[in-house]
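J.: Protein chains in written order, with this note's numbering: chain H, 3 to 345; chain X, 3 to 345.
Idealized CB from N, CA, C, for every residue including glycine.
Note that this is a predicted model, so its numbers are computed, not measured.
There are 2 protein chains.
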Amino acid sequence: MSQEIVKGAIRIADVARHAKVGAGTVSRVLNGSQNVAPETRDRVLATISKLGYVPNLVARGLAANRTGVIAAIIPVIGYSQHSEVIQGMTEVLHEHGATVMIGSSGYSQDMEEKIVAAFLARRPDAFYVTGTWHSQKTRKLLSASSIPVIEGSNLTDDTIDTVVGYSNFAAARELTLMLVLRGYQRIAHVTVKRDLNDRIGDRLTGYRAACNDRENTRPALVIERENSFTGGADAVAWALESSDAIDALFFATDVMAVGGLLECQRRGIEVPNQLAIAGFDDLPIASSVIPTLTTVHVDRVGMGRKIADVLLQRINGEPPPSNRIDVGFQIRERDSTLKPSTR
Amino acid sequence: MSQEIVKGAIRIADVARHAKVGAGTVSRVLNGSQNVAPETRDRVLATISKLGYVPNLVARGLAANRTGVIAAIIPVIGYSQHSEVIQGMTEVLHEHGATVMIGSSGYSQDMEEKIVAAFLARRPDAFYVTGTWHSQKTRKLLSASSIPVIEGSNLTDDTIDTVVGYSNFAAARELTLMLVLRGYQRIAHVTVKRDLNDRIGDRLTGYRAACNDRENTRPALVIERENSFTGGADAVAWALESSDAIDALFFATDVMAVGGLLECQRRGIEVPNQLAIAGFDDLPIASSVIPTLTTVHVDRVGMGRKIADVLLQRINGEPPPSNRIDVGFQIRERDSTLKPSTR
DNA sequence: CTGTTAGCGCATTCAG
DNA sequence: CTGAATGCGCTAACAG
Numbered sequence: 003m004s005q006e007i008v009k010g011a012i013r014i015a016d017v018a019r020h021a022k023v024g025a026g027t028v029s030r031v032l033n034g035s036q037n038v039a040p041e042t043r044d045r046v047l048a049t050i051s052k053l054g055y056v057p058n059l060v061a062r063g064l065a066a067n068r069t070g071v072i073a074a075i076i077p078v079i080g081y082s083q084h085s086e087v088i089q090g091m092t093e094v095l096h097e098h099g100a101t102v103m104i105g106s107s108g109y110s111q112d113m114e115e116k117i118v119a120a121f122l123a124r125r126p127d128a129f130y131v132t133g134t135w136h137s138q139k140t141r142k143l144l145s146a147s148s149i150p151v152i153e154g155s156n157l158t159d160d161t162i163d164t165v166v167g168y169s170n171f172a173a174a175r176e177l178t179l180m181l182v183l184r185g186y187q188r189i190a191h192v193t194v195k196r197d198l199n200d201r202i203g204d205r206l207t208g209y210r211a212a213c214n215d216r217e218n219t220r221p222a223l224v225i226e227r228e229n230s231f232t233g234g235a236d237a238v239a240w241a242l243e244s245s246d247a248i249d250a251l252f253f254a255t256d257v258m259a260v261g262g263l264l265e266c267q268r269r270g271i272e273v274p275n276q277l278a279i280a281g282f283d284d285l286p287i288a289s290s291v292i293p294t295l296t297t298v299h300v301d302r303v304g305m306g307r308k309i310a311d312v313l314l315q316r317i318n319g320e321p322p323p324s325n326r327i328d329v330g331f332q333i334r335e336r337d338s339t340l341k342p343s344t345r
Numbered sequence: 003m004s005q006e007i008v009k010g011a012i013r014i015a016d017v018a019r020h021a022k023v024g025a026g027t028v029s030r031v032l033n034g035s036q037n038v039a040p041e042t043r044d045r046v047l048a049t050i051s052k053l054g055y056v057p058n059l060v061a062r063g064l065a066a067n068r069t070g071v072i073a074a075i076i077p078v079i080g081y082s083q084h085s086e087v088i089q090g091m092t093e094v095l096h097e098h099g100a101t102v103m104i105g106s107s108g109y110s111q112d113m114e115e116k117i118v119a120a121f122l123a124r125r126p127d128a129f130y131v132t133g134t135w136h137s138q139k140t141r142k143l144l145s146a147s148s149i150p151v152i153e154g155s156n157l158t159d160d161t162i163d164t165v166v167g168y169s170n171f172a173a174a175r176e177l178t179l180m181l182v183l184r185g186y187q188r189i190a191h192v193t194v195k196r197d198l199n200d201r202i203g204d205r206l207t208g209y210r211a212a213c214n215d216r217e218n219t220r221p222a223l224v225i226e227r228e229n230s231f232t233g234g235a236d237a238v239a240w241a242l243e244s245s246d247a248i249d250a251l252f253f254a255t256d257v258m259a260v261g262g263l264l265e266c267q268r269r270g271i272e273v274p275n276q277l278a279i280a281g282f283d284d285l286p287i288a289s290s291v292i293p294t295l296t297t298v299h300v301d302r303v304g305m306g307r308k309i310a311d312v313l314l315q316r317i318n319g320e321p322p323p324s325n326r327i328d329v330g331f332q333i334r335e336r337d338s339t340l341k342p343s344t345r
């Protein structure tokens, strides 16, 4: 029978005594040191399982100055694509005995700063923060911590340490140019009113860049709406009333785009014939709505796994391949932007 | 200027020396002990902020035998209603200086068991696990840990310690009876094929109970599908081909229900006139789809906050009001089940 | 290859 | 009210 795990229950000294070895030796077999004779290793292992010994990772953290804890901050935890990154991270980290400590900033830099400070007191081995915009103090805290820091979900040249993500700018630009190529004349962009962040900002900039493309210059048309189904519906109403003859709406998020799609359905507007719609994020619903939604896909679970890989590498002292790792994106061209001629 | 936070940087002894007090006194002001003279307290506080001292919570955890860490396990982290529970938990816990350590079981009891064991080695102050079905060993590990354990998202009389949730059974039963009341004759239930768990199981049982209602006995009609949009679409196909004259489909999840709704749209089936559809979970999309979806609503962020409240209470030694806390649910009757006559 | 020792940074006695 | 001492459970350095 294995011993119960109780606070203050059985310690390394107990194992040492039962196995008739020193505490150091037990520690060595625990940490996989090579310098242990096979027979003593076996004996120690046997007593460990006999006594049901479980190492106290808090004590180990203090002694070894390595906690095996990774801190992660995302904007919101519920129903968000950012949670998928955490999913990927935890999958990989768990296999390596590491654990994720999670916090949500609610898109607030002040809150992010507070969480960073609070988390650092717990001595994580590494840090993941969403995005590339942070308060000056956050950057300073993170730099001064001397642990690996990964910023994710976007790319930047001005990273605190290492950035793992994809170019929101390039994706938005490419999607816009694709719409141009398909023959849409008047493409408006719906950006997010509140909770502005670098990802949304770069999507807007990417759209503008496409509008300024030298072979296809056209005025940019931008409106701000709430990042919700309702916000998307509002945008459609605006577009239909506009005097600009808008024939395509590029939403900064799928949530708004789906809201827009549903509003078209309510109003009997044919998509894409009367109005084309594109989004960003490739939510699960995007490929199921009618018509299916053109959007930008990113493998976020994969990104989380990649982040974990890089983090583990860094923790083990290996230098990362680069301090700017691009996981890429894919434009998913679906029915919501299919021109009749291209069908 | 505040000192940088660096591993092994400034310790409590440094503060003590600068403030010309003993380490014990610094510790006392840090932990809000009453037995400190106001002037010495102020002096210590001043030096703390002057030196930018940040307590090492790992060391504190070892010494105090309290880590301020709460362990939480949910089935999946990405795009899941369970993440909302975590969101609520972190919000409350962060205000109290506690932190959440998160893991995902992938609906596997074996994986859950492994994570529980791994997490316990980190000496959390409390544990949250999703659902009420766990392996025998998981239950044993948790009981033996002698820390508060909350099981959530459902209710049971056979709880490890404390359960905070709502009755999936009652909700499913009530929703089914509501459909009966509305005059639907042949109500089939679509349950989940894989990833079976207590919540899904109880929804099925609730449906069956409604079918066996003594005033309204009727044969239960149950099929299993994948818990996905596609699975929902499959179920609609099945219902339409059935010889049972099914006039209402009650899906165990909104994901399947929305998939079913979209399939009806593709096939030109009018909802609810030709086929009524109901779901469970009240996903954000449920109130936006056309027609809007009848479903069961649960305030999951609120449930997470409640769980945190109870956990904090328990950690501080106060007994919980009950070991079975019902956060309730609400049937959201929407257009997808509105009978023409009731409009 | 292995036992012993000295901390890791803090909370908490115990005197005073 | 406060300083000094002890130890939480473990790792790592050091002898041997």
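Hey, does Val192/X have any beta-carbon neighbour from chain H nearer than 7 Å?
T.: The count along the second sequence starts at 1 and reaches residue 192/X at position 190. So no, Val192/X is outside the interface.
J.: Within 10 Å of its beta-carbon, does Ser85/X have 16 or more other beta-carbons around it, so buried, or fewer, so exposed?
T.: Here residue 85/X refers to the residue found at position 83 when the second sequence is read from its first residue. The residue in question, Ser85/X, is buried, as its Cβ has 16 or more Cβ neighbours within 10 Å.
J.: Which residues mark the beginning and the end of the beta strand (DSSP E) in which Phe282/H is found?
T.: Along the first sequence, read from residue 1 onward, the residue named residue 282/H stands at position 280. For Phe282/H, there is no enclosing beta strand (DSSP E), since its DSSP letter is neither H nor E.
J.: Given that Val78/X touches chain H, what residues does it touch there, using C-beta distances under 8 Å?
T.: Position 76 of the second sequence holds residue 78/X. Per Cβ cutoff of 8 Å: Gln89.
J.: Could you spell out the range, first to last residue, of the beta strand (DSSP E) harbouring Gly105/X?
T.: Locating residue 105/X in the second sequence gives position 103, where the first residue counts as 1. Where Gly105/X is concerned, the enclosing beta strand (DSSP E) stretches over 101-106.
J.: Which same chain residues, not among the five before or five after Glu228/H, have their C-beta less than 7 Å away from its C-beta?
T.: Here residue 228/H refers to the residue found at position 226 when the first sequence is read from its first residue. Cβ neighbours of Glu228/H beyond the five flanking positions: Lys195, Arg196.
J.: For chain X, is any of its Cβ atoms less than 7 Å away from the one on Ala18/H?
T.: Numbered from its first residue, the first sequence carries residue 18/H at position 16. No - not a single Cβ of chain X is within 7 Å of the one on Ala18/H.
J.: Identify, in the order they occur along the chain, each residue of the same chain with its Cβ nearer than 8 Å to the Cβ of Asp246/X, setting aside the five sequence neighbours on each side.
T.: As a working note, residue 246/X is residue 244 in the second sequence. Correct list, in chain order: Arg188, Ala190, Leu223.
J.: In the structure shown, what three-state DSSP assignment does Val167/H receive?
T.: Here the question's residue 167/H lines up with position 165 in the first sequence. For the record, residue 167/H in the displayed sequence is Gly; it is not Val. Correct three-state label for Gly167/H: strand.
J.: In whole angstroms, what separates the C-alpha of Leu144/X from that of Leu183/H?
T.: Working through the second sequence from its first residue, we reach residue 144/X at position 142. Working through the first sequence from its first residue, we reach residue 183/H at position 181. Leu144/X and Leu183/H have their C-alpha atoms roughly 60 Å apart.
J.: Given Leu177/X, which residues of its chain have a CB within under 7 Å of its CB, disregarding the five upstream and five downstream residues?
T.: Taking the second sequence and counting its residues from 1, the one referred to as residue 177/X is at position 175. Here the set comprises Phe252, Ala280, Val298, Ile333.
J.: Can you pull the chain X residues whose beta carbon is under 9 Å from the beta carbon of Phe231/H, in chain order?
T.: Here the question's residue 231/H lines up with position 229 in the first sequence. In chain order: Pro286, Ile287, Ser289, Ser290.
J.: How big is the Cα-Cα spacing for Arg19/H and Met113/X?
T.: On the first sequence, position 17 is the one that residue 19/H refers to. On the second sequence, position 111 is the one that residue 113/X refers to. If you take the alpha carbons of Arg19/H and Met113/X, they lie about 33 Å apart.
J.: Closest by CA to Ser51/X, which one among Gly70/X, Val87/X, Ala65/X, Ile14/X?
T.: Along the second sequence, read from residue 1 onward, the residue named residue 51/X stands at position 49. Considering only alpha carbons, the answer is Ile14/X.
J.: Measuring only the C-alpha atoms, how far is Thr140/X from Asn156/H?
T.: Position 138 of the second sequence holds residue 140/X. Position 154 of the first sequence holds residue 156/H. Rounded to the nearest whole angstrom, the CA to CA distance from Thr140/X to Asn156/H is 39 Å.
J.: Checking contacts by CB at 7 Å: is Glu243/H closer than that to chain X?
T.: Counting from one through the first sequence, the residue named residue 243/H turns up at place 241. Not closer than 7 Å to any Cβ of chain X, the Cβ of Glu243/H fails to qualify, so no.
J.: Around the Cβ of Pro293/X, are there at least 16 other Cβ atoms within 10 angstroms (buried) or fewer (exposed)?
T.: Here the question's residue 293/X lines up with position 291 in the second sequence. With 16 or more Cβ atoms within 10 Å of its Cβ, Pro293/X is classed as buried.
J.: Helix, strand or coil for His98/X? Go by DSSP, reduced to three states.
T.: Along the second sequence, one-based indexing puts residue 98/X at 96. In the three-state scheme derived from DSSP, where H, G and I count as helix and E and B as strand, His98/X is classed as coil.
J.: State the Cα-Cα distance for the pair Ala74/H and Val102/H, rounded to the nearest angstrom.
T.: Within the first sequence, numbered from 1, the residue matching residue 74/H stands at position 72. Within the first sequence, numbered from 1, the residue matching residue 102/H stands at position 100. Whole-angstrom Cα-Cα distance: 7 Å.
J.: Examine chain H for any beta-carbon lying closer than 7 Å to the beta-carbon of Ile104/X, and answer yes or no.
T.: Here residue 104/X refers to the residue found at position 102 of the second sequence. Cβ-Cβ to chain H under 7 Å: yes for Ile104/X.
J.: Quick one: is Gln267/H near chain X, going by C-beta distance under 7 Å?
T.: Translated into positions along the first sequence, residue 267/H becomes position 265. Yes, Gln267/H lies at the interface with chain X (some Cβ there is under 7 Å from its Cβ).
J.: Taking its Cβ as the centre, do 16 or more other Cβ atoms sit within 10 Å of Thr219/X, making it buried, or is it exposed?
T.: Locating residue 219/X in the second sequence gives position 217, counting from the first residue. When all chains shown are included, Thr219/X counts as exposed.
J.: To the nearest angstrom, report how far apart Phe22/X and Val60/X are at their CA atoms.
T.: Position 20 of the second sequence holds residue 22/X. Position 58 of the second sequence holds residue 60/X. The sequence given here places Lys at residue 22/X; Phe does not occur at that position. Spanning the two alpha carbons is a distance of roughly 25 Å.
J.: What is the rounded straight-line gap between the Cα of Val165/X and the Cα of Asn199/X?
T.: The sequence position of residue 165/X within the second sequence is 163, counting from 1. The sequence position of residue 199/X within the second sequence is 197, counting from 1. Approximately 16 Å, taken between the alpha carbons.
J.: If we count the other Cβ atoms within 10 Å of its Cβ and call it buried at 16 or more, is Ser35/X buried or exposed?
T.: Residue numbering aside, residue 35/X sits at position 33 when the second sequence is read from its first letter. Per the 10 Å Cβ criterion, exposed.
J.: When you compare the CB of Ala61/H with every CB in chain X, is at least one pair closer than 7 Å?
T.: Taking the first residue of the first sequence as position 1, residue 61/H is located at position 59. Chain X, which has a Cβ nearer than 7 Å to the Cβ of Ala61/H, makes this yes.
J.: Looking at the structure shown, is Gln5/X part of a helix, part of a strand, or coil, going by DSSP?
T.: Your numbering for residue 5/X matches position 3 in the second sequence. A caution first: Gln5/X carries a pLDDT of 40, below 50, which makes its placement in the model unreliable, though a value can still be read off. DSSP places Gln5/X in coil when its eight states are reduced to three.
J.: Using the beta-carbon of each residue, which ones in chain H are nearer than 7 Å to Arg124/X?
T.: The residue you call residue 124/X lines up with position 122 of the second sequence. Residues of chain H whose Cβ lies closer than 7 Å to the Cβ of Arg124/X are, in chain order, Leu59, Val60, Thr101.
J.: Are the CB atoms of Ser290/X and Leu295/H within a distance shorter than 7 Å?
T.: Position 293 of the first sequence, counting from 1, holds the residue named residue 295/H. Position 288 of the second sequence, counting from 1, holds the residue named residue 290/X. Against a cut-off of 7 Å, the Cβ pair of Ser290/X and Leu295/H comes out as no contact.
J.: Pair every Cβ in the segment 52-72 of chain H with every Cβ in the segment 120-134 of chain H, then say whether three or more of these pairs are closer than 8 Å.
T.: yes
J.: From the beta carbon of Glu228/H, is the nearest beta carbon of chain X less than 7 Å away?
T.: Start at 1 with the first residue of the first sequence, and residue 228/H comes out as number 226. It does not; no Cβ of chain X falls within 7 Å.
J.: In chain X, what lies closer than 8 Å to Leu223/H by C-beta?
T.: The residue given as residue 223/H occupies position 221 in the first sequence. The premise fails here: Leu223/H is roughly 25 Å from chain X at the closest Cβ pair, so nothing lies under 8 Å.
J.: Does Ser338/X pass the burial test, meaning 16 or more other C-beta atoms within 10 Å, or should it be called exposed?
T.: Numbered from its first residue, the second sequence carries residue 338/X at position 336. Buried, since its Cβ has 16 or more Cβ neighbours within 10 Å.
J.: Closest by CA to Phe231/H, which one among Arg216/H, Arg336/H, Val192/H?
T.: If you number the first sequence from 1, residue 231/H lands on position 229. For Phe231/H, the nearest C-alpha among the options comes from Val192/H.
J.: Skipping 5 residues on each side, what residues in its chain have a beta carbon closer than 7 Å to that of Trp240/H?
T.: On the first sequence, residue 240/H is found 238 positions in, with the first residue counted as 1. Closer than 7 Å at Cβ, skipping near neighbours: Ile225.
J.: In or out: Gln276/X buried (at least 16 other Cβ within 10 Å) or exposed?
T.: Here residue 276/X corresponds to residue number 274 of the second sequence, with the count starting at 1. It is exposed - the Cβ of Gln276/X has fewer than 16 other Cβ atoms within 10 Å.
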